[in-house]
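One structure is given here, and the rest of the page talks about it.
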Amino acid sequence: MRTLRRIRGRLGMPRGPVGSRLRAGIGGLFTIAAVVSLAALGGVGQSVSPAQAQYGSNDSFDGATAISSLPFNDVVDTTGASTESGEPQVCIFMSQTLWYRYTPQTREVLRADTSGTGAQTNINIYQAFGPGIGNLSFTGCAQNGSPVQFTAQAGVSYYIQAGILNGETGDLHVNLERVPGPANDDFGNAASIGSLPYDASVDTTAATLEAGEPSPSCDGTLAGSAWYAYTPAASGSVSASINAFFTTEMAAYTGSSVSGLTQVGCRAFGGVMTIHVDAGTTYHFQVGGLFGSRGSLSFHLDATPPPQANFFQSVSDPSSYENIQFIDQSSDPGQLGIQSQAWSFGDGGTATGCCPQHRYTVDGDYAVELTVTTTDGRIGSIRRVIHVRTHDVGIAKIAAPQNGSVGQTRQIQASVFDLRYPETVQVQLLKSVPGGFEVVGTLMQSISPRGKNQTTPYTFNYTFTADDGNTGKVTFKAVALIVGARDALPADNEAIAPPTKVSH
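So that you can map any letter, position 316 of the sequence shown is 478 in our numbering, and since no number is skipped, the others follow by simple counting.
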């Protein structure tokens with residue numbers, strides 16, 4: 163009967179009632195005189211190769227060729243092959259298809275292709291969720307010899323639908339093979355890390371979990387793992403990280419067998435895992451994806467750098483009159499955190515902790531040093547010079563006339579003292595108006611420190627206005643401002659003169 167189907171295919175027998183009557187007629191002839199019929203049909207039986215004779219049974223879904231072992235390679239002549247009612251056509255339409263079925267006993271990553279076929283091809287992969295062609299779920303496809311890779315679960319049947327495109331016929335090559343796991347898939351085959359820094363890429367698509375393999379404690383279960391081994395020549399700290407486009411996890415262990423490991427570090431969802439290592443001890447690193455995630459990832463291991471010490475001071479231009487709050491802003495590249503801080507303020511004062519306060523009683527330049535220590539003992543420090551300058555000017559008095567008249571110009575004088583440094587000081591003269599004061603003049607000059615008893619005069623000429631006359635009086639106020647510096651005691655930078663009576 164298989165040979166009969168091949169003959170029908172070679173004759174291009176149509177399907178349907180007509181085809182059935184034709185096939186029935188040929189069947190009768192074949193029953194009466196098979197050899198004569200073959201000769202009468204143009205020697206078809208003589209040209210049928212063993213490969214060509216295979217396709218008849220797997221032309222339909224129900225007759226899919228069962229693949230029992232891998233790798234699998236098949237070459238079939240598609241001449242006369244067809245499609246059946248309800249047959250799916252997903253990526254590209256195929257007028258002639260052949261079917262294969264594979265049911266793995268364990269989870270496997272598989273690769274299927276039609277490489278070797280001398281024509282344009284398409285191959286589709288389906289997962290069966292029940293009996294019959296109507297219970298298929300599309301998994302993937304590829305064209306013209308390119309591979310389609312998929313993960314097959316234990317005990318689940320997968321169907322391969324393959325064919326030649328554009329109505330062509332000829333030999334179709336169908337190949338199915340396992341995708342091997344990474345070379346360092348198992349603990350015993352861990353990739354050896356020589357010197358640091360170390361970078362390596364691994365594809366965990368087909369990675370597995372071996373018997374007795376530990377599950378990292380930080381989160382979830384790895385989908386599959388790859389292993390690395392490192393034996394440091396000197397004690398210290400190392401940091402590991404993973405770069406991938408999926409959720410990853412890694413752990414570090416000590417121990418000599420996969421079932422006798424002690425976890426010394428764990429990190430999930432990115433970031434850096436830092437551990438302390440002892441010279442001569444071998445550490446194993448386990449890496450992989452979480453929540454079933456698989457693919458290519460990059461593993462990086464390097465000596466952990468020291469912490470990056472840094473601090474902030476609450477006052478940028480401190481004076482001898484105020485306390486300064488120092489705040490630790492250090493960071494740890496190893497992401498273990500800062501355990502302690504030690505401060506030296508440059509004037510003999512010291513402190514510990516994150517946020518001490520300190521006051522410098524004498525102006526000067528002081529070297530402040532912060533030393534921080536991480537939880538694993540790495541040390542970092544920073545030294546910064548703090549400039550303490552106490553700028554202090556004030557208005558000793560403001561002199562204004564007791565009386566004035568509208569249109570009259572009189573002098574108002576503010577006396578400014580400077581206690582510390584040569585300064586450029588601006589003085590504003592303000593006069594009272596309903597609701598407050600308004601500026602009526604501004605003078606600026608350089609002055610030298612002389613003490614409160616030796617002041618510098620700022621003299622303003624003011625002409626009384628009609629509004630002053632209508633009000634009947636005006637009050638003058640002077641405000642001093644140091645240009646380019648902050649006054650340590652600004653409370654004495656203002657002075658108000660007694661009111662001046664103004665008449666028309």
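Just so it is clear, CB atoms sit at the ideal spot from N, CA and C, and this is done for glycine as well. From a predicted model like this one, the values you see are computed outputs, not experimental measurements.
Residue i in three-state terms, based on DSSP
i: Pro619; result: strand
i: Gly542; result: strand
i: Thr367; result: coil
i: Ala413; result: strand
i: Gly566; result: strand
i: Phe431; result: coil
i: Thr625; result: strand
i: Ser222; result: coil
i: Ala465; result: strand
i: Gly350; result: helix
i: Ala345; result: coil
i: Asp630; result: helix
i: Met606; result: strand
i: Leu498; result: coil
i: Val252; result: coil
i: Lys614; result: coil
i: Thr383; result: coil
i: Thr424; result: strand
i: Ser401; result: strand
i: Gln258; result: coil
i: Phe447; result: strand
i: Gly454; result: coil
i: Ser247; result: coil
i: Thr436; result: strand
i: Ser493; result: strand
i: Gly556; result: strand
Rounded separation between residue i and residue j - CA only
i: Ser308; j: Asp275; result: 6 Å
i: Gln475; j: Ala653; result: 24 Å
i: Ser230; j: Ser460; result: 36 Å
i: Ala430; j: Ala650; result: 52 Å
i: Gln573; j: Tyr624; result: 6 Å
i: Pro468; j: Pro359; result: 15 Å
i: Ala402; j: Tyr445; result: 12 Å
i: Asp629; j: His549; result: 49 Å
i: Gln341; j: Ala369; result: In the sequence on display, residue 341 carries Val and not Gln. Cα to Cα, the separation comes out at about 10 Å.
i: Ala647; j: Ser397; result: 51 Å
i: Gln425; j: Pro394; result: 17 Å
i: Thr633; j: Phe599; result: 14 Å
i: Thr241; j: Tyr392; result: 59 Å
i: Ser209; j: Val364; result: Any answer about Ser209 is weak, because its pLDDT of 29 lies below 50 and its placement is not dependable; what the coordinates show is given next. So the two alpha carbons sit approximately 49 Å from each other.
i: Leu260; j: Val238; result: 9 Å
i: Thr586; j: Val578; result: 11 Å
i: Gly296; j: Val336; result: 23 Å
i: Ile285; j: Arg456; result: 23 Å
i: Ala373; j: Ser492; result: 44 Å
i: Pro212; j: Asn220; result: At Pro212, the pLDDT of 39 sits below 50, so the modelled position is not reliable; the number obtained from the coordinates is stated separately. If I take the Cα positions, the gap works out to 15 Å.
i: Cys380; j: Ser319; result: 35 Å
i: Phe507; j: Ala529; result: 6 Å
i: Thr523; j: Ser594; result: 40 Å
i: Arg546; j: Ala465; result: 27 Å
i: Phe255; j: Gln323; result: 11 Å
Residue i versus the options, residue with shortest Cα-Cα distance
i: Met606; options: Leu643, Cys517, Glu484, Asn632; result: Leu643
i: Phe407; options: Gly432, Tyr415, Gly422, Val420; result: Gly432
i: Asp490; options: Ala562, Ser502, Arg612, Asp479; result: Ser502
i: Gly329; options: Ser257, Ser399, Ser481; result: Ser257
i: Ala281; options: Lys614, Gly325, Glu249; result: Gly325
i: Leu272; options: Cys303, Thr259, Cys380; result: Cys303
i: Glu339; options: Leu232, Arg551, Thr410; result: Leu232
i: Arg688; options: Ile437, Asn351, Ser419, Tyr262; result: Summary: the structure shown does not reach residue 688, with the chain confined to residues 163 through 666, and so no result is reported for it.
i: Pro584; options: Thr533, Val645, Asp538, Asp494; result: Val645
i: Leu384; options: Ser399, Gly597, Thr409; result: Thr409
Bridge partners - residue i, DSSP secondary structure assignment
i: Arg263; result: Ala228, Tyr321
i: Lys663; result: Asn565, Lys635
i: Arg340; result: Leu272
i: Glu656; result: Val641
i: Gln487; result: Gln519
i: Ala362; result: Phe461
i: Gln475; result: Phe488
i: Phe234; result: Leu338
i: Ala373; result: None, per the DSSP bridge assignment.
i: Ala650; result: Answer is none; Ala650 lacks a bridge partner.
Test: residue i CB closer than 7 Å to a CB of chain D
i: His553; result: Absent from the structure is chain D; it holds one protein chain and no more.
Which ranges does the alpha helix (DSSP H) cover as unbroken runs of at least 4 residues, wholly within the segment 570 to 604, from first to last along the chain?
-> none
Length at least 3, wholly inside the segment 502 to 549: the beta strand (DSSP E) runs in chain order = 512 to 514, 526 to 536
Note down, one range per segment and in chain order, each beta strand (DSSP E) of at least 3 residues found wholly within the segment 269 to 337.
-> The qualifying runs are 270 to 275, 283 to 290, 298 to 305, 310 to 314, 320 to 326.
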